[in-house]
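A.B. asks:
Numbering (the numbering used here), first residue to last: 2 to 518.
1. Determine the extent of the alpha helix (DSSP H) in which residue 286 is found, giving its start and end residues.
2. Report yes if the CB atom of residue 380 is closer than 7 Å to the CB atom of residue 416, and no otherwise.
3. Got a sec? Which residues, its chain only, sit under 6 Å from residue 511 by beta carbon, not counting five neighbours each side?
4. If we call anything under 7 Å between Cβ atoms a contact, is residue 330 one with residue 295?
5. Are the beta-carbon atoms of residue 90 and residue 474 separated by less than 7 Å?
6. Could you pull out every residue in the same chain whose Cβ sits closer than 7 Å to the Cβ of residue 314, ignoring the five residues on either side in sequence?
7. Quickly, what does DSSP pair residue 298 with across the bridge? List them, please.
8. Identify the continuous alpha helix (DSSP H) that holds residue 98 and give its terminal residues.
9. With a CB to CB cut of under 8 Å and the five nearest residues on each side skipped, what residues in its chain are close to residue 62?
10. Residue 111: buried (16+ other C-beta within 10 angstroms of its C-beta) or exposed?
11. Measuring straight from C-alpha to C-alpha, what distance separates residue 389 and residue 219?
12. Decide if residue 414 is buried, meaning its Cβ has at least 16 other Cβ atoms within 10 Å, or exposed.
13. In this structure, what does DSSP give as the bridge partners for residue 122?
14. Taking only the alpha-carbon atoms, compute the straight-line gap between residue 31 and residue 70 and give it to the nearest angstrom.
15. Along the chain, where does the alpha helix (DSSP H) that runs through residue 421 open and close?
16. Enumerated in chain order, which unbroken segments of the beta strand (DSSP E) with a length of 3 residues or greater are wholly contained in the stretch 197-280?
17. Should the stretch 417-425 be regarded as contacting the stretch 391-403, the criterion being three or more beta carbon pairs within less than 8 Å?
18. Let me know the secondary structure DSSP gives residue 6 once reduced to three states.
19. Could you tell me if residue 243 is buried or exposed, where buried requires 16 or more neighbouring beta carbons within 10 angstroms of its beta carbon?
20. Would you call residue 529 buried or exposed, if buried means 16 or more other Cβ atoms sit within 10 Å of its Cβ?
21. Using only the alpha-carbon positions, how far apart do residue 515 and residue 190 sit?
22. Does the stretch 132-150 touch the stretch 13-21, meaning 3 or more C-beta pairs lie closer than 8 Å?
23. Can you give me the Cβ contacts of residue 517 inside the same chain, cut-off strictly under 6 Å, excluding the 5 residues immediately before and after it?
24. Could you pull the DSSP bridge partners for residue 193 from this structure?
25. To the nearest angstrom, how far is the alpha carbon of residue 239 from that of residue 149?
26. Who pairs with residue 106 in a beta bridge, going by DSSP?
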């Protein structure tokens, strides 16, 4: 099938403008998504104290947690909501998080053997995961939903433009031809290989992000006549019980866990959400993983006295809950093992490269004379794409170099990421040549990542790349070396195959209406 020239032009313009508009955020979200796929396995690397394995029976762990809660209740300083992450192979300590009365957030690690309590050194994996959805930024989830919708448009128009050409262009790459041809071939190969993955990621991200910011409020206002409790119940997660205002002992967490196992046998229960601690209406939400395809998440609510109040099986109570949970599990790759997550990571990196080559095609088409918007895109591409790579490398470096005694240390890591990316984007218009700026950022990113395993080994007095140590740290080292090498190769490619430097044209250049690759 061959498109008419007018139709082709409209589709090409829509594809190009949509991709260029969202390009920097898309590349950042893809790279952050790759890192967040392994956020749990990253914990021993970011928190060295978790590298020492602990053999603790469950009864002792529950007793340690019970003592912590009882002490807080006796002191009158029990938080209204206490989040507890139970020990796991990658993190054998208890993780506790809550808000103080002044609104400040506190996160600590508790040794289940000794009860030792230390401030959380780093939340790097969770931070990258949340930032993948732009959640920490004001209005970020809504913006992420819009970007995902734009990606759907890009994928859809790209599919139509390539109808009838997949077999030929899937394997065609001509690096010795003109830059425009080489970038075009690479973009089409990457787009064809990654198209199903990109379509699924865009669709599921749009559902996840727009549901939280648009669809859920609209659904509650319309389908449930503004009844928030009914809306929450439709997902299987009822709202919290109101405090009774009567002092009472803390819930028995061991009994709550036992009740959850009786209610949902075969589920791995990994987290508690304890509300109204120290009140007669206190209760425990026991969260779990069921491993039932695209339906994973379970929850059992147990009252302070041990009565089961609500049971949410995997998938939830109805079609809307099934859709939302399925979208999240599909997006995160949780429905399969490590092998699938590695495939997700590879496809995520290729998708970021696909977006980058799309921008390079745009710039190469206008290499002999650019409009101001093209010059701006060239600078944004150099600073935004290279900045995303450098910000990712810098936040890992900050994890190594920031003092452990630093107050609110995780916030300093967050600030490092934001600050480095912003400086890279703002510095691009000031640097004489966009190509050299991009090359420098990518090369520096790769160098930092390649050096990280050696830096961590030196700081923690451990052998470099020793499989006999913590397997999580060993594979983290391999990942840093691979990603660093990838960034260094990308820097070399940018330097060798970069488009010409932008020169502002006296008059705008138009894409020929009849041109079809």
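In this text, a Cβ means the ideal position worked out from N, Cα and C, and glycines have one as well. A quick note: this is a predicted structure, and the numbers were derived from the prediction, not measured.
C.D. replies: Per the coordinate set shown:
1. First-last for residue 286: 284-293, but that is the beta strand (DSSP E), not the alpha helix (DSSP H).
2. no
3. Confidence at residue 511 is low in this model, with a pLDDT of 45, below 50, so its placement is unreliable and the value that follows should be read with caution. Once the five neighbours on either side are set aside, residue 511 has no close Cβ partner at all.
4. yes
5. no
6. 265, 299
7. 290
8. Premise fails: residue 98 lies in the beta strand (DSSP E), 95-100, not in any alpha helix (DSSP H).
9. 87, 88, 95, 113
10. buried
11. 34 Å
12. buried
13. Answer by DSSP bridge pairing: none, since residue 122 is not bridged.
14. 40 Å
15. 410-428
16. 269-276
17. yes
18. helix
19. exposed
20. Here the chain has residues from 2 to 518 only, and residue 529 is not among them.
21. With a pLDDT of 37 at residue 515, under the threshold of 50, the modelled position of that residue is not reliable, and the figure given next carries that caveat. Their Cα atoms are separated by approximately 23 Å.
22. no
23. With a pLDDT of 38 at residue 517, under the threshold of 50, the predicted position of this residue should be treated as unreliable, though the coordinate-derived value follows. Counting only Cβ-Cβ distances below 6 Å, and skipping sequence neighbours, we find 9.
24. In DSSP, residue 193 forms no bridge with anything.
25. 29 Å
26. 100
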